[in-house]
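To start, the structure under review is shown below, and the notes come after it.
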Amino acid sequence: MLDDDGRPLRGTLVELWQANAAGRYAHDGDQHPAPLDPNFTGAGRCLTDQDGRYRFVTIKPGAYPWRNHDNAWRPAHLHFSVFGQAFTQRLVTQMYFPGDPLMPFDPIMQSIPDEAARRRLVSSFELDLTEPEWALGYAFDIVLGRTPTETP
7 MLDDDGRPLR
17 GTLVELWQAN
27 AAGRYAHDGD
37 QHPAPLDPNF
47 TGAGRCLTDQ
57 DGRYRFVTIK
67 PGAYPWRNHD
77 NAWRPAHLHF
87 SVFGQAFTQR
97 LVTQMYFPGD
107 PLMPFDPIMQ
117 SIPDEAARRR
127 LVSSFELDLT
137 EPEWALGYAF
147 DIVLGRTPTE
157 TP
């Protein structure tokens with residue numbers, strides 16, 4: 007977690023929520039008939055360390071239908087909420103996984119007109135973050151900055 011000048015943001019609250027591996031959220035509003043996992047809550051939070059790093063160990067969420075039309079699916083993604091030093095520094099965003107074939111069909115991702123900005127929502131697979139025989143590692147750099155109306 008960095009500010010827009012590249013400095014680490016220490017002690018920043020990062021929240022994550024996601025669907026389970028079958029593509030279902032663990033809340034009453036999700037009526038997708040996929041199974042729930044009684045051992046998976048789909049949410050977590052942590053504070054960034056002295057270098058602005060954060061880490062979650064979780065499962066890769068499944069794609070899910072969202073009934074926008076007959077064959078609409080959301081790609082696998084994680085939701086993040088980041089709380090900066092002020093109320094105006096809250097960011098809610100999503101992280102996608104590289105190579106997901108559903109990304110070009112996702113109206114939420116495609117609502118971002120700038121291709122470079124869309125690419126920043128896609129994590130990168132990092133072998134150095136992978137834990138052998140246990141968990142694949144993905145990096146997702148979040149930059150928490152000023153709004154366009156703020157001056158430095």
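The numbering used here applies: residue 7 is where the sequence shown begins, and numbers increase by one. Ideal Cβ placement from N, Cα and C applies to all residues, glycine included.
Assigned secondary structure, residue i (DSSP; H/G/I helix, E/B strand, else coil)
i, result
"Leu53", "strand"
"Val63", "coil"
"Tyr31", "coil"
"Trp72", "coil"
For residue j and residue i, the rounded distance between their alpha carbons
i, j, result
"Phe103", "Leu97", "19 Å"
"Arg73", "Glu21", "26 Å"
"Arg59", "Pro67", "22 Å"
"Leu150", "Glu121", "20 Å"
"Asp76", "Gly17", "44 Å"
"Arg51", "Met101", "15 Å"
"Phe86", "Leu108", "20 Å"
Where the beta strand (DSSP E) containing residue i begins and where it ends
i, result
"Glu21", "Leu19 to Trp23"
"Phe89", "His83 to Phe89"
Spatially closest choice to residue i from the options, by CA coordinates
i, options, result
"Pro39", "Asp55, Asp134, Asp120 and Ala25", "Ala25"
"Arg13", "Pro119, Arg124 and Gln56", "Gln56"
"Val162", "Thr94, Pro81 and Phe93", "Missing from the structure shown is residue 162; the chain here goes from 7 to 158 and no further."
"His83", "Leu15, Asp10, Gly90 and Tyr144", "Tyr144"
"Val88", "Leu53, Gln116 and Phe62", "Leu53"
"Pro113", "Pro71, Leu42, Leu15 and Asp9", "Pro71"
"Leu135", "Val63, Gly90, Leu42 and Asp34", "Val63"
What alpha helix (DSSP H) runs, 4 residues minimum, are completely inside the stretch 93-136?
113-116 and 121-125
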